[in-house]
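Novice: Sharing a structure, written as structure tokens. Questions coming.
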Amino acid sequence: MRAFTVVLMIVIGVARIHADNWPHWRGPGATGVSAETGLPERWSDTENVAWKAPVRGLGISSPIVWGDQVFVTSQIGRGARRAGNHPTLVQGGNPADAGERALGGGTAVAADKVSFLVTALNRVDGRRLWEFELPAEGHLAEVHDKHNLASSSPVTDGRRVYAWFGTGQMVALDLSGKLIWSRHLGREYAPFAINWGHSSSPVLFNDSLILVCYHQPTAYLLNIDAASGKTRWRVERGRDINSYSTPLVVQTAGAPELIVNSSEGVSGHDATTGQLLWHIQEPNRFPIPMPVSHDGLIYTSRGYRSGPYMAIRPGGKGDVSRSHIVWRADTGAPYVSSLVHYNGLLYMAGDVGVLSAIDAKTGQRVWQERTGGVFTASPVAADGKIYLLSEDGQTIVLAAGSQPRVLARNRLNARQLASPAISGGRLFIRTDDAVIAVGK
Numbered sequence: 118m119r120a121f122t123v124v125l126m127i128v129i130g131v132a133r134i135h136a137d138n139w140p141h142w143r144g145p146g147a148t149g150v151s152a153e154t155g156l157p158e159r160w161s162d163t164e165n166v167a168w169k170a171p172v173r174g175l176g177i178s179s180p181i182v183w184g185d186q187v188f189v190t191s192q193i194g195r196g197a198r199r200a201g202n203h204p205t206l207v208q209g210g211n212p213a214d215a216g217e218r219a220l221g222g223g224t225a226v227a228a229d230k231v232s233f234l235v236t237a238l239n240r241v242d243g244r245r246l247w248e249f250e251l252p253a254e255g256h257l258a259e260v261h262d263k264h265n266l267a268s269s270s271p272v273t274d275g276r277r278v279y280a281w282f283g284t285g286q287m288v289a290l291d292l293s294g295k296l297i298w299s300r301h302l303g304r305e306y307a308p309f310a311i312n313w314g315h316s317s318s319p320v321l322f323n324d325s326l327i328l329v330c331y332h333q334p335t336a337y338l339l340n341i342d343a344a345s346g347k348t349r350w351r352v353e354r355g356r357d358i359n360s361y362s363t364p365l366v367v368q369t370a371g372a373p374e375l376i377v378n379s380s381e382g383v384s385g386h387d388a389t390t391g392q393l394l395w396h397i398q399e400p401n402r403f404p405i406p407m408p409v410s411h412d413g414l415i416y417t418s419r420g421y422r423s424g425p426y427m428a429i430r431p432g433g434k435g436d437v438s439r440s441h442i443v444w445r446a447d448t449g450a451p452y453v454s455s456l457v458h459y460n461g462l463l464y465m466a467g468d469v470g471v472l473s474a475i476d477a478k479t480g481q482r483v484w485q486e487r488t489g490g491v492f493t494a495s496p497v498a499a500d501g502k503i504y505l506l507s508e509d510g511q512t513i514v515l516a517a518g519s520q521p522r523v524l525a526r527n528r529l530n531a532r533q534l535a536s537p538a539i540s541g542g543r544l545f546i547r548t549d550d551a552v553i554a555v556g557k
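So for the sequence shown, this note's numbering puts the first residue at 118; every next one is plus one.
Structural data, given as structure tokens:
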């Protein structure tokens, strides 16, 4: 590796990452890439499924894995649905025909009493090990049909599991489900009043958690001590800035940087203090994808309505809009799903069934293939394969490489919005109300 590396190895602190662990929704390096081999290629509801475990409530957060435990969050009760038309990935025709539909089929109603759950399942057989329930308190943001206030994915350092919800409530639990500490940021600072609901997930850095709280009426970065839950630092970012994206911590030649994808652009901050170091002016109403990094570059998507994607060189000072963009493509970026870098190529799942491979060094398109489907989940890569989950329950398995070669199309009778986890030779796929372990 060069002087630039993703810091989720530092991020986990003193706990050693086992090869089978998937402690963050984008995996052990926050890249969406696993080093495992022998992963499943074909499955269905009746074939090559180890277990299916129902989860109380509904949600679209991604599962994480540590040791023999799978952790997932959910919400009981629908809460408040935002009135009017809701943005969809499908722009023409009926979105439902392509698999876009309300969370849980719209079965939960606004009058339901809302609470949040953290559930631990046995990785081997799917048995429910424990469940922690937290009553929702404070402002309930009006959400999009396709998600709720349990959209943030949990994270673990192997000692505690940290779960954050769309009210601003956050809990740290030990691995037996005992509450260690809790916070309510929506009451301490300002309500989480972001349009469509909060979705950014926490990131571990050394022995702390970094949170992007970019909401109306105020935006700020927050660093919390992982053991005690106490605030270490808080940096105000002004008003009228929003972000639905999870930040990324990278190590540069100078110091660790926190990369944030927000409505005003892409910015780099000192990860130890939160101080703004550099920024790229690139306005976007709904920044959702998480940045990814490899070999000294940061790759990010600004994909609202097929917006740009780009490669950025970190380590700058001030406005680096002209000096630190290595390459930029004006259109074609995913709106929701993040990019994955694998063996020199960037793979991305376009919103409505267009898959692309991009040369990571030059930004040139290597291939593009229309496969159908609607993609919200971020692709993952392992074992020479790219796994792409569409909302209608289909997973496309591609052979990684310079030609678009589909190895399999696997279908489950369930909606898939969450990104999968990889652990112990299996894929863990989260549906609206269950976790499915694919593989033997």
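Where a beta carbon is used, it is the ideal one built from N, C-alpha and C, also for glycine.
Remember, it's a predicted structure, so these values are computed and weren't measured experimentally.
DSSP puts MET427 in a beta bridge; with which residues?
Specialist: Residue numbering aside, residue 427 sits at position 310 when the sequence shown is read from its first letter. MET427 pairs with THR417, ARG445.
Novice: According to DSSP, is GLU248 helix, strand or coil?
Specialist: To locate residue 248, count along the sequence shown from 1; it is residue 131. DSSP places GLU248 in strand when its eight states are reduced to three.
Novice: Indicate whether the contact test is met: 3 or more Cβ pairs, each with one atom in the segment 310-322 and one in the segment 291-301, closer than 8 Å.
Specialist: Cβ pair count under 8 Å is below three, so no.
Novice: Whose C-alpha, out of ASP436, PRO406, GLN533, ARG159, is nearest the C-alpha of PRO425?
Specialist: Along the sequence shown, read from residue 1 onward, the residue named residue 425 stands at position 308. Ranking ASP436, PRO406, GLN533, ARG159 by Cα distance to PRO425 puts PRO406 first.
Novice: Secondary structure at LEU290, three-state DSSP: helix, strand or coil?
Specialist: Within the sequence shown, the letter at position 173 stands for residue 290. It is a strand residue.
Novice: Among the candidates ASN265, PRO308, GLU158, VAL235, whose CA atom is the shortest distance from the CA of ARG277?
Specialist: Translated into positions along the sequence shown, residue 277 becomes position 160. Ranking ASN265, PRO308, GLU158, VAL235 by Cα distance to ARG277 puts VAL235 first.
Novice: Evaluate contact between the segment 513-521 and the segment 534-541, counting only Cβ atoms and requiring at least three cross-stretch pairs below 8 Å.
Specialist: No, they do not touch.
Novice: So, using beta-carbon positions, are VAL260 and GLY196 closer together than 8 Å?
Specialist: Indexing the sequence shown from 1 puts residue 260 at position 143. Indexing the sequence shown from 1 puts residue 196 at position 79. For VAL260 and GLY196, yes; Cβs fall inside 8 Å.
Novice: How far does the beta strand (DSSP E) with LEU365 in it extend, from its first residue to its last?
Specialist: Numbered from its first residue, the sequence shown carries residue 365 at position 248. Element bounds for LEU365: 365-368.
Novice: To the nearest angstrom, how far is it from the Cα of SER178 to the Cα of ASP549?
Specialist: Residue 178 sits at position 61 when you count from the first residue of the sequence shown. Residue 549 sits at position 432 when you count from the first residue of the sequence shown. Near 9 Å, if we compare the C-alpha coordinates of ASP549 and SER178.
Novice: For TYR306 and GLY489, what's the separation of their Cα atoms in angstroms?
Specialist: As a position in the sequence shown, residue 306 is number 189, starting the count at 1. As a position in the sequence shown, residue 489 is number 372, starting the count at 1. Near 43 Å, if we compare the C-alpha coordinates of GLY489 and TYR306.
Novice: Please classify PRO171 as buried or exposed, where buried requires at least 16 neighbouring CB atoms within 10 angstroms.
Specialist: On the sequence shown, position 54 is the one that residue 171 refers to. The residue is exposed, with fewer than 16 neighbouring Cβ atoms inside 10 Å.
Novice: Report the rounded CA-to-CA distance for LEU302 versus THR284, giving the unit in angstroms.
Specialist: As a working mapping, residue 302 is identified with position 185 in the sequence shown. As a working mapping, residue 284 is identified with position 167 in the sequence shown. Those two C-alpha atoms are separated by around 8 Å.
Novice: Which word fits GLN392, buried or exposed, when buried means at least 16 other C-beta atoms lie within 10 angstroms of its C-beta?
Specialist: Numbered from 1 along the sequence shown, position 275 holds the residue referred to as residue 392. Exposed, by the Cβ-count rule.
Novice: Locate the alpha helix (DSSP H) running through GLU305, then write down its first and last residues.
Specialist: The count along the sequence shown starts at 1 and reaches residue 305 at position 188. That run of the alpha helix (DSSP H) goes 302-305.
Novice: May I ask you to report which of helix, strand or coil DSSP gives LEU156?
Specialist: Along the sequence shown, read from residue 1 onward, the residue named residue 156 stands at position 39. Coil, per DSSP.
Novice: Alpha carbon to alpha carbon, what distance is there between ALA474 and TRP484?
Specialist: Numbered from its first residue, the sequence shown carries residue 484 at position 367. Numbered from its first residue, the sequence shown carries residue 474 at position 357. When rounded, the distance between both Cα atoms is 5 Å.
Novice: Quick one: residues in its chain with C-beta nearer than 7 Å to the C-beta of GLY432, no 5 flanking neighbours on either side, listed in chain order?
Specialist: One-based indexing of the sequence shown puts residue 432 at position 315. THR369, ALA370, GLY371, listed in sequence order.
Novice: What whole-angstrom Cβ distance do ALA267 and THR363 have, given they're in contact under 8 Å?
Specialist: To locate residue 267, count along the sequence shown from 1; it is residue 150. To locate residue 363, count along the sequence shown from 1; it is residue 246. Incorrect: roughly 15 Å between the Cβ atoms, too far for contact.
Novice: Look at the alpha carbon of LEU375 and the alpha carbon of HIS411, and state the distance between them as a whole number of angstroms.
Specialist: Stepping through the sequence shown from its first residue, residue 375 is reached at position 258. Stepping through the sequence shown from its first residue, residue 411 is reached at position 294. Distance between the alpha carbons of LEU375 and HIS411 is about 15 Å.
Novice: Could you check if ASP229 is buried or exposed, using at least 16 other CB atoms within 10 Å of its CB as the buried criterion?
Specialist: The residue labelled residue 229 in the question sits at position 112 within the sequence shown. Under this definition ASP229 is an exposed residue.
Novice: Out of ALA428, LEU394, HIS458, PRO404, which has the shortest C-alpha to C-alpha gap to GLY435?
Specialist: As a position in the sequence shown, residue 435 is number 318, starting the count at 1. Measuring from the Cα of GLY435, the nearest candidate turns out to be LEU394.
Novice: Just curious, the beta strand (DSSP E) that TRP313 is in, first and last residue?
Specialist: Numbered from 1 along the sequence shown, position 196 holds the residue referred to as residue 313. Careful: TRP313 lies outside any beta strand (DSSP E) and carries neither H nor E.
Novice: Would you call GLU381 buried or exposed, if buried means 16 or more other Cβ atoms sit within 10 Å of its Cβ?
Specialist: Counting from 1 along the sequence shown, the entry for residue 381 is found at position 264. The residue is buried, with at least 16 neighbouring Cβ atoms inside 10 Å.
Novice: At which residue ranges does the segment 491-554 contain complete beta strand (DSSP E) runs of 3 or more residues, listed in the order of the chain?
Specialist: For the segment 491-554, whole beta strand (DSSP E) runs of length 3 or above, ordered along the chain, are 497-499, 502-506, 511-516, 522-528, 538-540, 543-547.
Novice: On the DSSP bridge assignment, give the partners of GLU399 in chain order.
Specialist: Mapped onto the sequence shown, residue 399 falls at position 282. The partner list for GLU399 (beta bridge, DSSP) is empty, contrary to what the question assumes.
Novice: May I have the straight-line CA-CA distance separating LEU175 from ARG439, to the nearest angstrom?
Specialist: Mapped onto the sequence shown, residue 175 falls at position 58. Mapped onto the sequence shown, residue 439 falls at position 322. Distance between the alpha carbons of LEU175 and ARG439: 44 Å.
Novice: Please list, in chain order, all residues of the same chain as ARG159 whose beta carbon is under 7 Å from its beta carbon, the five residues on each side excluded.
Specialist: Along the sequence shown, one-based indexing puts residue 159 at 42. For ARG159, where only same-chain residues beyond five positions count, the Cβ hits under 7 Å are ASN165, ALA525, ASN527.
Novice: Pull up the distance between the alpha-carbon of GLN533 and that of GLY385, whole angstroms please.
Specialist: By 1-based counting over the sequence shown, the position of residue 533 is 416. By 1-based counting over the sequence shown, the position of residue 385 is 268. Rounded to whole angstroms, GLN533 to GLY385 spans 32 Å at the Cα level.
Novice: Less than 6 Å between C-beta atoms, sequence neighbours within five positions excluded: which residues of the same chain meet that for ASN359?
Specialist: Position 242 of the sequence shown, counting from 1, holds the residue named residue 359. If we look at ASN359 and ignore the five residues flanking it on each side, its Cβ neighbours are ILE311, TYR331, SER380.
Novice: Give the DSSP-derived three-state secondary structure of LEU472 in the structure shown.
Specialist: Locating residue 472 in the sequence shown gives position 355, counting from the first residue. Correct three-state label for LEU472: strand.
Novice: For GLN286, count neighbouring Cβ atoms within 10 angstroms of its own Cβ and tell me buried if that reaches 16, exposed if not.
Specialist: Against the sequence shown, residue 286 aligns to sequence position 169. By the 10 Å Cβ count, GLN286 comes out buried.
Novice: In this structure, does DSSP put LEU220 in helix, strand or coil?
Specialist: Here residue 220 refers to the residue found at position 103 of the sequence shown. It is helical.
Novice: Identify every residue that forms a DSSP beta bridge with TYR464.
Specialist: One-based indexing of the sequence shown puts residue 464 at position 347. According to DSSP, which records beta bridges pairwise, TYR464 is partnered with VAL457, ALA474.
Novice: Assuming ASN378 contacts THR335 under a Cβ cut-off of 8 Å, what Cβ separation, rounded to an integer in Å, is found between them?
Specialist: Locating residue 378 in the sequence shown gives position 261, where the first residue counts as 1. Locating residue 335 in the sequence shown gives position 218, where the first residue counts as 1. Not quite, the Cβ-Cβ distance comes to about 19 Å (not below 8 Å), so this is no contact.
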